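Engineer:
In the UniProt record's numbering, the protein residues as written are 1 to 291.
#1: Give the C-beta separation of residue 260 and residue 200 to the nearest angstrom, bearing in mind that I take them to be a contact with Cβ-Cβ under 8 Å.
#2: Are residue 92 and residue 217 closer than 9 Å when you measure CB to CB?
#3: By the three-class DSSP mapping on this structure, what secondary structure does residue 7 have?
#4: Alpha helix (DSSP H) containing residue 194: first to last residue?
#5: What would DSSP say about residue 53, mapped onto helix, strand or coil?
#6: Return helix, strand or coil for residue 228, following the three-state DSSP convention.
#7: Can the beta-carbon of residue 215 be found less than 9 Å from the beta-carbon of residue 155?
#8: Let's see if you can read the secondary structure: which residues bound the alpha helix (DSSP H) around residue 272?
#9: Can you find the residues in the same chain that come closer than 6 Å, C-beta to C-beta, to residue 142, ignoring five residues on each side of it along the sequence?
#10: What is the DSSP secondary structure of residue 262, counted as helix, strand or coil?
#11: Quick check: what's the CA-CA separation for residue 135 versus residue 102?
#12: Grouping DSSP H, G and I as helix and E and B as strand, with all else coil, what is residue 73?
Below you can see the structure in the form of structure tokens.
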């Protein structure tokens with residue numbers, strides 16, 4: 001692991017761990033460099049349980065192998081546990097958080113500025129995310145159209161302003177690290193909620209290739225029979241995700257925005273998101289002009 005030393009052109013292939021300065025302190029970022037030193041990049045966001053030491057994309061999927069021969073740099077930000085990859089109002093007041101989350105600032109300003117020192121484009125990027133990261137991928141792309149050329153959500157919660165969902169999010173964030181949702185976007189009805197709602201912000205996605213997937217909560221062939229308890233929990237979570245995806249689909253259809261939305265059997269687990277990434281890969285490469 002090494003701190004980055006700016007260079008004029010990205011390395012051609014290979015995996016590296018960088019430490020990127022930010023207002024939150026140094027952030028680890030795992031990267032797989034574009035196979036032929038190209039300038040485009042794909043950002044991949046974790047879910048609510050994002051570990052502090054690695055991206056689950058690198059350990060729980062074959063994302064590195066999928067794109068190993070492609071001329072696009074994979075960018076895996078590490079951390080962001082229960083952050084929703086957004087700029088919070090203040091540190092969480094229920095778990096003695098030391099710093100205020102500033103993930104939107106990091107992902108759209110500090111990180112692209114840093115990677116530009118390696119020859120990675122600030123403007124020819126794609127972004128995908130799972131669960132918590134799915135809504136973030138779409139809202140970040142909606143508000144930063146100069147940066148992102150493609151956005152994808154896999155089992156994302158795409159309508160957090162829906163009346164009961166703030167309560168579900170509150171419970172989930174308290175369970176995952178003791179975080180206080182009021183310190184993120186304020187009380188329900190605060191403008192930050194609408195700003196960070198992919199369905200509300202759908203008009204801003206017009207003209208952007210968008211891919212949304214969700215299972216229906218029914219266990220499928222990728223669920224492990226030996227993990228019945230985990231499967232039941234993942235089925236319940238996915239039942240909420242499919243409602244969100246349906247609402248998003250209906251909203252984009254009403255606006256005449258041709259987002260691709262796929263449904264199928266499956267639960268809230270990484271094997272399905274690995275498959276979603278494989279489906280998205282040709283769309284991503286096409287949007288970035290990176291083959």
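No residue lacks a Cβ here, since even glycine has one placed at the ideal position from N, Cα and C. The structure displayed is predicted, hence computed values, not measured ones.
Structural biologist: Let me spell this out:
#1: That belief does not hold up - the Cβ atoms of residue 260 and residue 200 are roughly 20 Å apart, past 8 Å.
#2: no
#3: Reliability of the predicted coordinates at residue 7 is poor, the pLDDT of 49 falling under 50, and the value obtained from them is presented with this limitation in mind. Note: residue 7 maps to coil in three-state DSSP.
#4: 191-195
#5: Residue 53: coil per DSSP, three-state reduction.
#6: Caution is warranted here: a pLDDT of 39 is assigned to residue 228, below 50, making its placement in the model unreliable, and the coordinate value is therefore given only provisionally. Correct three-state label for residue 228: helix.
#7: yes
#8: 270-288
#9: 201, 204, 205
#10: strand
#11: 16 Å
#12: DSSP, reduced to helix, strand and coil, places residue 73 within a strand of the structure shown.
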